[in-house]
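Q: Following the working numbering, the numbering of the sequence shown begins with -15 at its first residue and continues without gaps.
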Amino acid sequence: MGINVLSDKRGFTLIESLVALAILIIALLGLLYSQILAINYNINNNMRNTAVKILQEELEKARTERYDSVNDESTDPNYPRTEDRLIRNSHVTYTIHRYVEVSNSGELKKVTVVVQWKAKNSSKIHSCSAQILIRQPL
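This is the structure:
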């Protein structure tokens, strides 16, 4: 009969502890990666929301201007222009373009505003745009 030496000892062996520690580290790294992804998505959403706010401001400005003073960026010295905004302690530069098309009858102007920005650590340029129609007052 053989004597079972390990049957009297209680607890975990060194190998069992190392395997459990490795599994725990892998799980924590997965959680850390998901947190980093969530933060990046949050920052990108904040940049897009800021761009939409700038877009709305520009459209409201175009709505309140006199019909004759709503001009294309080729004739308006204020466009294209840039605006710096602080998002999560990081400066983001937005470029604002305004294009105006006059209808054949000359009674309507279609104003298109485009806001562009570059995400942090990315070479891709993001943009959002919107259009409004402005009628010449009677």
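Glycine is no exception: its CB is placed at the ideal position from the N, C-alpha and C atoms.
What residue from V98, S89, H75 has the CA that sits closest to H81's CA?
A: Of the listed residues, the one whose Cα sits closest to H81 is V98.
Q: Going by the C-beta, is V54 closer than 7 angstroms to any heavy atom of the ligand ATP?
A: Of ligands this structure carries none, so the ligand ATP is not represented either.
Q: Should the region 19 to 30 be called in touch with the region 50 to 67, which here means at least 3 C-beta pairs below 8 angstroms?
A: Segments in contact, no.
Q: Would you kindly work out how many angstroms separate the C-alpha atoms of W101 and T48, rounded to a whole number?
A: The alpha-carbon atoms of W101 and T48 are separated by roughly 25 angstroms.
Q: So, at 7 angstroms on beta carbons, what are the nonlocal neighbours of S74 in its own chain, with the 5 sequence-adjacent residues on each side left out?
A: For S74, where only same-chain residues beyond five positions count, the Cβ hits under 7 angstroms are K104.
Q: Starting from the C-beta of V3, find all residues in its chain whose C-beta is less than 7 angstroms away, skip the five residues before and the five after it, and write them out in chain order.
A: Nothing listed; no residue qualifies.
Q: Among the residues of its own chain, which have a CB less than 8 angstroms from the CB of K108, if the five just before and after it don't count?
A: Excluding positions up to five away in sequence, the list reads K102.
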